[in-house]
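Numbering follows this note's numbering, with no gaps: position 54 of the sequence shown is 362. Where a beta carbon is used, it is the ideal one built from N, C-alpha and C, also for glycine. As structure tokens, the structure follows; a few thoughts come after it.
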Amino acid sequence: MSFLVYIIFGGIVGWVASLIMGTDGQQGIILNIVVGIIGAVLGNWIFGFFGQSGVGGFTLYSFIVALIGAVAFIGILRAIRG
């Protein structure tokens, strides 16, 4: 995937994750992209740990993997912040 696709994919994933976790009002587009990209990396790691494939393109499965990672990332940040 090209760099632009990663940014768009990360933005969409980060936005949906922030809606699920109720942090959409606190995040802007840049933070949504960052959360989405970090979520994709974290989702790859989580799914790889359990022997599953991770993000492999702009597919529904990749979206779900990245979304799970992004939701986990927001949850971790909430736990750290208190």
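Sequence-distant Cβ neighbours of residue 323 in its own chain, meaning closer than 6 Å and more than five residues away, are 340.
Our two residues, residue 311 and residue 376, have alpha carbons roughly 22 Å apart in a direct line.
The C-beta distance from residue 343 to residue 382 rounds to 7 Å, short enough to meet the 8 Å contact threshold. Residue 362 and residue 368 have their C-alpha atoms roughly 11 Å apart. Here DSSP, grouped into helix, strand and coil, assigns residue 310 to coil.
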